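A.B. asks:
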Amino acid sequence: MKLPTYVAGIAAAALLTSLTAASGTSAAQVAGPEALPKVNMEATVKAAQIDPRRSDDTLTPGAKASVLLVERALRDRKLLAAKWVDGYFGTTTVAAYAKYQKSLGYTGLDANGLPGKTSLAELGAGRFTVTRVIAPGARVTTGGVVVNTRTRSMLAEAERLLGRKLVLDQGSYNPGGDPTSAGTHDGGGVVDISVKGMDAATRTAAARALRRVGFAAWVRSPAQGDWPWHIHAAAINDTDLSGPAQHQVGDYYLGLNGLANRGPDDGPTVTIRTWEEYRTR
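Position 273 of the sequence shown, counted from 1, bears residue number 277 in this note's numbering, the numbering being contiguous throughout.
Here you go:
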């Protein structure tokens, strides 16, 4: 005999309840991937760069629900104390995520505390699915320096907006290459750009184009440090960013200059976007 729809629904719910009670799993886990909550990777990674640099407990807009899911998973793995499950991806959560990455066998940049595509998917297995996935891509050589494919695409678009080629003085994945860089180039997503032949207006225009496509970018002068005039740019949400570069991105969102003195931002005003946000605007 075919049961009426409402009766079948009650029976299914009862079965689901009994299964979850017996196994200790959640209803979402039993129901299948389509019923699992979603973690927005873009928003989560953004929070992991900004929140550790805040002087208060303000949450990164649009990230709370996703960060909570990540923090609960870290808590259940005994990597994060319950009191830190608050939707705020601060230094404690970054450190916990780095421990989780190391527990998977990752080292170096793959254990930098920023959620990566593979580690985040594994953390969410049976708990949540990952949307708005981002990845830095493979390492490639361009302009005589090493970057990743995401950075290369961003630079190409900035050149299109600017209407001129950009010459790279320093690329990414260059640990110890320039001691004045304070480790920002040790990972991916960071470049220094020559301003030779540029006047002040052109330097500013170049920094603006870089910012528009998703870089935290500043014109650097000899008055600020032991370096020549150049443009320093760090790709927002590049999951290969070194720790110091992560801090620069966070400071950029908070209206700061990305230097050790944490002074006010001295670059052109633009709407801050990631590369992915720029492409879908």
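All C-beta atoms in this analysis are idealised placements derived from N, C-alpha and C, irrespective of residue type, glycine included. Bear in mind that the values here come from a model prediction, so they are computed numbers and not experimental data.
(1) DSSP puts F219 in a beta bridge; with which residues?
(2) Is N152 closer than 8 Å to G192 when the C-beta atoms are compared?
(3) What separation, rounded to the nearest whole angstrom, lies between the Cα atoms of K87 and K200?
(4) Is it true that the stretch 62 to 81 meets the stretch 100 to 109, where meeting means three or more beta-carbon pairs spaced less than 8 Å apart?
(5) Taking T155 as the reference, which of P183, F132, A139 and A209 has the closest Cα?
(6) Does any residue of chain B have a CB that is nearer than 8 Å to the CB of P41?
(7) Taking DSSP as the reference, what is the three-state secondary structure of K200?
(8) Just how far apart, CA to CA, sit T64 and D55?
(9) For G175, collect the residues of the same chain with a Cβ closer than 6 Å to its Cβ; drop the 5 residues on either side in sequence, then sort them by chain order.
(10) D114 and Y92: beta carbons closer than 8 Å?
(11) For the beta strand (DSSP E) holding Q252, just list the boundary residues, first then last.
(12) Please list, in chain order, all residues of the same chain as Y257 whose beta carbon is under 7 Å from its beta carbon, the five residues on each side excluded.
(13) Cα separation between S246 and P183?
(14) Any chance you could list the beta strand (DSSP E) runs of at least 3 consecutive residues sitting entirely within the stretch 102 to 156, in chain order?
(15) Distance, Cα to Cα, K240 vs Q228?
(16) Bridge partners for P268 per DSSP, in chain order?
C.D. replies: The short version:
(1) A239
(2) yes
(3) 51 Å
(4) yes
(5) A139
(6) No chain B appears in this structure, which consists of one protein chain only.
(7) coil
(8) 7 Å
(9) V149, V150, V151 and V195
(10) no
(11) First-last for Q252: G247 to Y257, but that is the alpha helix (DSSP H), not the beta strand (DSSP E).
(12) I54 and I276
(13) 14 Å
(14) 133 to 135, 143 to 146 and 149 to 152
(15) At residue 240 the sequence reads Ile, which differs from the Lys that was named. The alpha-carbon atoms of I240 and Q228 are separated by roughly 23 Å.
(16) L260
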